[in-house]
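Counting along the sequence shown from 1, when you hit position 37 you're at 49 in the working numbering, and nothing is skipped either side.
Glycine included, every Cβ here is placed at the ideal spot set by N, Cα and C.
Inspection log for the structure reproduced underneath, given as C-alpha cells.
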Amino acid sequence: MSKPKDVYVNTAAKDWLPFYPGFQFKLLRVSAETGTWSVLVQADKGASFPCHTHLGAGEYFMVSGRMEVRGGAKNGGITANAGDYGYEPNGIVHDLTEFPLKTVFVFTNHGAVNFIDEAGKTVFILDWQAVLKLEADGLKAQKKALKKAA
Ligand code: ZN
C-alpha cells in the first residue's frame with residue numbers, strides 16, 4: 013500500500029490558463045479514483061457560465077469579487093461575496109451564473125458538470141479528465157506562444 017501524501021499547490025507560481033470564454037483557471041487537484049477535481053477560477057468582470065447540471069456535488073469558496081446565482085439575492089437567488097462558501101448538491105441545475113466583478117474563487121466538484129442548451133441537450137461535460145485536458149492544452153498553447161516570442 014502506498015503511503016498517504018500531502019498535496020500542496022503554490023498557486024502564485026502557476027499561470028492562469030484558459031478555462032471557458034471569460035474565465036481562467038489554475039488546476040489544484042484531480043482524483044481519478046473519485047472523479048473529484050479542484051480548481052482556482054478567475055472570472056473577468058461581466059463573465060457568466062451558461063446553464064448546467066451538477067452530476068456530483070460542488071463546493072466553492074469566494075476569494076474575491078462576486079458571484080450571482082439565479083439572478084442574485086435580489087431575485088431570490090444567491091449573491092456570494094469574498095469570504096463566502098457554498099455547497100451545490102448533486103443534481104442541482106444552475107441557469108446563468110454571473111460575475112458582475114472580476115472574481116476569484118476556489119471550486120471543487122465531486123464529479124462532472126453537464127453544460128446543457130435550452131432544450132436540455134448536453135453541450136459539454138466538464139469532469140476531471142476534461143479539466144486535465146484543459147490544463148494540458150493551455151500549457152501547450154503557452155509553450156508555443158513563448159517559442160514564437162523567443
Ligand atoms: Zn453550478
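Could you have a look at T23 and say whether DSSP puts it in helix, strand or coil?
For the purposes of this step, residue 23 is taken as the residue at position 11 of the sequence shown. Looking at T23 - three-state DSSP - the assignment turns out to be helix.
Can you tell me which of the three DSSP states W49 falls into?
As a working note, residue 49 is residue 37 in the sequence shown. Reduced to three states, the DSSP call for W49 is strand.
Output yes or no for whether 7 Å exceeds the beta carbon distance between V75 and F117.
Here residue 75 refers to the residue found at position 63 of the sequence shown. Here residue 117 refers to the residue found at position 105 of the sequence shown. Yes, the pair counts as a contact, with Cβ atoms nearer than the cut-off.
Just to confirm, are L113 and G150 a CB contact at a threshold of 7 Å?
Your numbering for residue 113 matches position 101 in the sequence shown. Your numbering for residue 150 matches position 138 in the sequence shown. The answer is no: Cβ separation not under 7 Å.
So, are the CB atoms of L144 and V42 less than 7 Å apart?
Against the sequence shown, residue 144 aligns to sequence position 132. Against the sequence shown, residue 42 aligns to sequence position 30. Yes, these two residues count as a Cβ contact at 7 Å.
Mark D139 as exposed unless 16 or more other C-beta atoms lie within 10 angstroms of its C-beta, in which case mark it buried.
The residue labelled residue 139 in the question sits at position 127 within the sequence shown. When all chains shown are included, D139 counts as buried.
Give every residue of the same chain whose Cβ lies closer than 6 Å to the Cβ of L108, excluding the five residues on either side of it in the sequence, and list them in chain order.
Along the sequence shown, read from residue 1 onward, the residue named residue 108 stands at position 96. Scanning its chain for C-beta atoms nearer than 6 Å, with the 5 sequence neighbours on each side dropped, one finds around L108 the residues S60, in chain order.
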